[in-house]
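Trainee: This structure is in structure tokens; I'll ask about it shortly.
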Amino acid sequence: MDYKKTNAPKSTISRDTTSLCENTGNIYETVKIIGKRANQISVVIKSDLERKLQEFSSNNVDSLEEIFENREQIEISKYYEQLPKPSLLAIQEYLEDKTYYRNPSKMK
6 MDYKKTNAPK STISRDTTSL CENTGNIYET VKIIGKRANQ ISVVIKSDLE RKLQEFSSNN
66 VDSLEEIFEN REQIEISKYY EQLPKPSLLA IQEYLEDKTY YRNPSKMK
């Protein structure tokens, strides 16, 4: 998933719940699918951010270098703060039919 190039809105918008549950026929099942996907996206984004910030951790750093690294850390953090929330990304993926889901109880 490329969450950096998504066309998901950056702020919350109102949605028609009947159009969300067209595929499943059940709004609760749809919310569960979107919620699980949002958790998966959140884990990916968090690990990516931690990996990028890990590059800046070192024990012996000069004062001047530390200031420049701190600015870079702030820029990276601001970038990730401006990304759409994982729930909005998950809804957008669901609406674009990019989310794979299955219900084992319906497969019998």
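Residues in the sequence shown are numbered from 6 upward in steps of one, following the working numbering.
Even glycine gets a Cβ: it sits at the ideal position worked out from N, Cα and C.
So, helix, strand or coil for Y105, using DSSP?
Mentor: Y105: coil per DSSP, three-state reduction.
Trainee: Should I38 and T22 be called a contact, given that it needs their Cβ atoms to be closer than 8 Å?
Mentor: Contact flag unset, no.
Trainee: Rounded to whole angstroms, what's the CA-CA distance from C26 to T17? Just pull it up for me.
Mentor: Looking at the two C-alpha atoms, the distance is approximately 19 Å.
Trainee: For the candidate residues E34, E98, R42, I81, whose alpha-carbon lies nearest to that of R56?
Mentor: When only C-alpha atoms are compared, the closest one is I81.
Trainee: Run through DSSP, which three-state label would L58 get?
Mentor: If DSSP states are grouped into helix, strand and coil, L58 belongs with the helices.
Trainee: Given this structure, state the Cα-to-Cα distance separating E60 from I46, to the nearest angstrom.
Mentor: The straight-line gap from Cα to Cα measures roughly 22 Å.
Trainee: Flag this pair as yes or no: are the beta carbons of I50 and Y85 separated by less than 8 Å?
Mentor: Yes, the pair counts as a contact, with Cβ atoms nearer than the cut-off.
Trainee: Please report the straight-line C-alpha distance between Q87 and T104, rounded to a whole angstrom.
Mentor: In a straight line, the C-alpha of Q87 is about 23 Å away from that of T104.
Trainee: Taking just the CA atoms, how far does N28 sit from E34?
Mentor: Rounded to whole angstroms, E34 to N28 spans 10 Å at the Cα level.
Trainee: Could you tell me the boundaries of the alpha helix (DSSP H) in which S24 lies?
Mentor: Element bounds for S24: 22-25.
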